[in-house]
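The structure appears below as structure tokens.
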Amino acid sequence: MSKPLTPELVEPLLRGRFGRPYLWSEGCASTQDALRGSALPEGAVAVTEHQTAGRGRDGRRWEDAPGLGLLLSVLLRPPSGSPVQQLSLVAGLAVAETVEDARDLAAVKWPNDVLLGGHKVAGILLESSGVEVVCGIGVNVLQTEDELPANARLPAASLLTATGHAPDRAMLLVSLLETLEHRYDSWRRRGLTSFLDELEARNALRGRRVEVGGEAGTAGRIAPDGRLTLLRADGTTVLVASGEVQEGGRG
Ligand code: BTN
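Numbers in my numbering are just positions in the sequence shown, counted from 1, shifted up by 1298.
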């Protein structure tokens, strides 16, 4: 276990708005609950060392190994009426940029996973109500092979198993918050448009046969509104807004 991410350790390293206030606990059910429905300002962050009921997408659990990953939730208050489902791609891009090392570009697997070397190292969960969005991020950082979830939907890796290097969790956290803030501010100003090329360069599904949202086809570009383009077998295309992606190999 590395040093706990206490306020004493993390707050002096913060450089922007995100992380203020910084709520840390040794353990909790889910960091999402510390922020949901609160009167806290945008940029408030909840971090814990261990969750007893960590949530993943589609009702799944997010399993952690205490003190070895990053478990955080960030409170966002986007303008009302904005397309908040796009925030999983905004956060995915920020996480990908933060976790990659010089040798390996991290990929974003639409709509919410981050992969290194084809293995899932991070996942994003958006929970929104009204004008509040709680963006939950789980990153596997220091787990060894046998500390990673064995029966996950996608093969899991940690930054340690994927790169052979053990990053400093506090530095990783502050760099993630800074990158997320920067990407979020750009999204508020200009939407997804300015990220499309970067997303495309990291699009893990491009060219893969997939089934998603009741549609089957070969995955293409991520559209300007964040939907995934699918090329159907009959040559027509369809845009898919959300859903669990089942992969069936290269198209
Ligand atoms: C997924 O891949 O399905 C999303 C996983 C999101 C996990 C993070 S860990 C911090 C935050 N608190 C939770 O309960 N879930 C998110």
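Ideal placement from N, C-alpha and C gives every residue a C-beta, glycine not left out.
Query: Simplified DSSP state of residue 1557, which is helix, strand or coil; Result: For residue 1557 there is no data in the structure shown, the boundaries of the chain being 1299 and 1549.
Query: Extent of the continuous beta strand (DSSP E) to which residue 1426 belongs; Result: 1417-1427
Query: Three CB pairs or more closer than 8 Å across the region 1336-1345 and the region 1402-1418; Result: no
Query: Residue(s) in a DSSP beta bridge with residue 1402; Result: 1399
Query: Beta-carbon proximity list for residue 1469, same chain, < 8 Å, skipping 5 on both sides; Result: 1311
Query: Cut-off 6 Å between Cβ atoms - residues of its own chain near residue 1425, not counting five sequence neighbours on either side; Result: 1330, 1432
Query: Nonlocal neighbours in the same chain, by C-beta distance under 8 Å from residue 1492, ignoring five residues either side; Result: 1484
Query: Exposure of residue 1306, with buried meaning 16 or more beta-carbon neighbours within 10 Å; Result: exposed
Query: Contact test: residue 1328 Cβ vs the ligand BTN heavy atom, cutoff 8 Å; Result: yes
Query: Residue 1303 beta carbon near the ligand BTN (any heavy atom closer than 8 Å); Result: no
Query: Outcome for residue 1346 when other beta-carbon atoms lying within 10 angstroms are tallied against a minimum of 16; Result: buried
Query: Residue 1414, enclosing alpha helix (DSSP H) - first and last residue; Result: It is not in any alpha helix (DSSP H) - residue 1414 instead sits in the beta strand (DSSP E) that spans 1411-1414.
Query: Every unbroken beta strand (DSSP E) within the region 1457-1517, with a cutoff of 3 residues, ordered by chain; Result: 1506-1510
Query: Sheet register partners of residue 1438 (DSSP bridge); Result: 1367
Query: Alpha-carbon spacing of residue 1459 relative to residue 1440, whole angstroms; Result: 8 Å
Query: Spatial distance of residue 1545 from residue 1463 (CA atoms); Result: 30 Å
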